[in-house]
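Notes for the one structure printed next.
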Amino acid sequence: MLQVYNTLTRNKESFKPLKAGEVSIYACGPTVYNFPHIGNYRTFLMTDNIVRTLEYLGYRVTLVMNITDIDDKTIRDSGIAGMSLKDFTEKYTQEFFRGLDMLNIRKASFYPRATDNVEGMIELARKLIEKGLAYEKSGSVYYRISAFPEYGKLSKIDFDEIKIGASVDVDEYDKDNPRDFALLKASTPEEIERGIFYESPWGRIRPGWHTECSVMSMREFGDTLDIHTGGVDLIFPHHENEIAQSEGATGKPFVSYWMHGEHLIVEGEKMSKSKGNVFTLPEIVEMYGGEVVRFMFLSVHYRKKLDYSESFAENAKNNYLRLKETLDNLEFALRSADDGEYSGGREILEVLPELEKQFKEALEDDINTPKAITVFRELSRSANRYLETGKNREVLEKTRTLYRSFADVLGLFASAGEEEKVPEAVLKLVEEREEARKKKDWASADTLRDKIKASGYIIQDTKEGPNLKKVE
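Numbering-wise, the sequence shown is residues 6 to 477 according to our numbering.
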């Protein structure tokens with residue numbers, strides 16, 4: 006049975022969805038004001054791994070991920086750029102989606118935008134005021150956290166120092182200094198001039214950051230959902246505030262399981278512009294390739310800090326390429342496989358079910374992708390041992406099927422096995438080299454091998470003929 010670590014209880018728990026066979030997930034998406042850095046994408050990939058694991062285990066998953074296209078940062082930076090809020094946020098929304106494609110992250114079922122849900126936020130604020138959980142002050146609406154006794158149950162912060170009635174307008178504030186937070190903010194004269202406002206019973210407003218997630222998740226899933234994901238930096242204040250808003254309005258539990266991903270740091274330090282160690286996803290992908298970056302993220306459990314460094318990335322790349330080479334070799338061997346004797350294949354056929362069991366158990370243990378990769382590598386070793394002598398089609402097909410299954414769950418080798426058109430010039434060099442080898446002209450054969458490599462391909466000599474591979 007799947008076990009997940011629930012931030013709310015600080016325990017690993019057996020997963021039981023609200024509806025048998027179906028899972029509802031809400032994930033905090035991007036604030037579209039800049040290029041997302043690699044730490045942001047680690048969190049998005051964590052959610053993708055959760056979805057893939059649940060589907061592998063037989064669940065039908067609905068994932069909703071919000072797009073924050075109106076908040077302090079988007080308003081500030083669109084003004085600096087001299088762009089309308091809509092055009093500015095659309096630019097970075099498309100950059101976000103481009104990054105998902107780079108990492109082979111599956112698209113969510115829905116991507117609601119904050120600007121499309123303001124009416125729902127106004128209605129939530131009205132309901133909370135009626136219940137005595139919110140109040141209007143100078144055209145803004147604030148949540149009264151002293152009226153919600155369970156405030157702090159997610160973050161476990163000591164709230165003895167709360168100043169009753171003190172309110173804060175900024176979206177992000179000192180974690181040790183909680184205050185009544187803004188549900189709706191009175192639009193400033195500058196915002197009104199730029200058309201960034203919505204009419205409400207309290208005047209012209211625009212939403213606070215926290216309100217949108219409560220509204221959008223409850224709109225899609227109702228009062229309670231199964232899983233809510235995000236980075237650990239969102240536990241407080243963002244997710245704490247979501248609980249207060251949602252449960253204050255409905256009187257029902259908001260989320261059954263809270264799952265949070267740890268930070269990505271760079272060579273032992275937090276990413277910061279002042280240290281010059283902030284990397285965007287395109288920068289890292291250009292160096293290593295999208296699937297290598299994905300594999301790098303998979304190699305560290307989502308609840309552990311990932312310490313990015315050049316050596317760490319190179320090690321991940323080497324491990325990724327070894328796994329990919331095994332799949333390439335399986336595909337190549339199948340082209341000339343036979344239907345004869347197993348040739349030692351019984352041993353691998355016996356081990357496949359056990360490896361599949363271990364792989365599933367690894368993922369059922371709180372989405373333990375590093376452990377799953379260890380099992381994957383053992384499958385790779387078993388496959389390579391068989392490939393040294395065995396060529397039975399049934400054995401190869403069963404091994405490849407399981408290999409593909411592991412890869413698909415982990416989101417790897419999406420294009421592997423697809424026929425790639427090799428340039429005619431390279432194919433001609435391969436033919437010339439084969440002729441030289443037949444004539445035992447080894448010097449010419451070596452020269453041609455070097456030319457093939459310079460063209461971006463390496464060649465392996467096998468009993469079945471030359472196996473041509475593109476250099477990664």
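Virtual Cβ for every residue (Gly too), placed ideally from N, Cα, C. Please read these numbers as outputs of a predicted model, since none were measured by experiment.
- Secondary structure note for residue 260: its beta strand (DSSP E) is the uninterrupted segment 260-266.
- Counting only runs of at least 4 residues, the region 384-456 fully encloses the following alpha helix (DSSP H) elements, listed from N- to C-terminal order: 398-415 and 429-443.
- The secondary-structure analysis by DSSP pairs residue 233 across a beta bridge with 31 and 263.
- Residue environment analysis places residue 99 among the exposed positions, since fewer than 16 neighbouring C-beta atoms fall within 10 angstroms of its C-beta.
- Within the region 236-323, the complete beta strand (DSSP E) runs of at least 3 residues fall at 260-266, 269-271 and 311-313.
- Secondary structure at residue 155: coil, using DSSP grouped into helix, strand and coil.
- Contact between residue 188 and residue 254 does not hold, since the beta-carbon distance rounds to 11 Å and is not under 8 Å.
- Of the residues assessed, residue 122 falls on the buried side of the cut-off, its CB having 16 or more other CB atoms within 10 angstroms.
- In the DSSP assignment, residue 40 falls outside any beta strand (DSSP E), carrying neither H nor E.
- When DSSP states are grouped into helix, strand and coil, residue 11 belongs to the strand group.
- Beta-bridge annotation (DSSP): residue 187 is paired with 147.
- The Cβ atoms of residue 270 and residue 239 do not sit closer than 9 Å to each other.
- Each residue's CA atom was taken as its position, placing residue 7 and residue 265 some 17 Å apart.
- The alpha-carbon of residue 369 is positioned some 43 Å away from that of residue 81.
- Of the other Cβ atoms in all chains shown, fewer than 16 fall within 10 Å of the Cβ of residue 85; this residue is therefore exposed.
- For residue 362, no beta strand (DSSP E) run applies; the uninterrupted alpha helix (DSSP H) run containing it begins and ends at 350-369, by DSSP.
- Closest in alpha carbon position to residue 120, among 388, 92 and 104, is 92.
- When C-beta atoms of the region 373-383 are compared with those of the region 296-307, three or more pairs fall below 8 Å, so the two segments count as touching.
- By the Cβ neighbour-count rule, residue 23 is exposed, with fewer than 16 other Cβ atoms within 10 Å of its own.
- Three or more Cβ pairs closer than 8 Å define a contact, and the region 49-69 meets that threshold against the region 20-37.
- From the listed residues 268, 199, 185 and 195, the smallest Cα separation to residue 247 is found for 185.
- Counting C-beta pairs with one atom in each stretch, the region 382-394 and the region 323-332 have three or more that are closer than 8 Å, which means they touch.
- Residue burial is scored here from C-beta neighbours: residue 35 has at least 16 other C-beta atoms within 10 angstroms and is therefore classed as buried.
- Per DSSP, the continuous beta strand (DSSP E) segment holding residue 68 begins and ends at 65-70.
- Judged by DSSP secondary structure, residue 86 falls outside any beta strand (DSSP E) and instead within the alpha helix (DSSP H) spanning 77-86.
- Under the DSSP assignment, residue 219 falls outside any beta strand (DSSP E), being part of the alpha helix (DSSP H) whose first and last residues are 216-226.
- Here residue 194 is exposed: its Cβ has fewer than 16 other Cβ atoms, across all protein chains shown, within 10 Å.
- Only residues of its own chain outside the window of five on either side were considered, and among them 237, 308, 309 and 310 have a CB closer than 6 Å to the CB of residue 267, listed in chain order.
- Listed in chain order, the non-local C-beta contacts of residue 284 below 8 Å within the same chain comprise 42, 43, 271, 276 and 313, local neighbours out to five positions each way being set aside.
- For residue 61, the three-state secondary structure derived from DSSP is helix.
- For the options 117, 47 and 154, the alpha carbon positioned closest to that of residue 110 is the one of 47.
- Residue 108 and residue 435 have their C-alpha atoms roughly 33 Å apart.
- Residue 349 holds the alpha-carbon nearest to the alpha-carbon of residue 392 among 365, 324, 349 and 69.
- Here residue 101 is near residue 37, since their CB atoms are less than 9 Å apart.
- Rounded to the nearest whole angstrom, the C-alpha separation of residue 141 and residue 79 is 24 Å.
- When the five nearest sequence neighbours on each side are left out, the beta carbons in the same chain lying within less than 7 Å of the beta carbon of residue 450 are those of 438, 441 and 442, in order along the chain.
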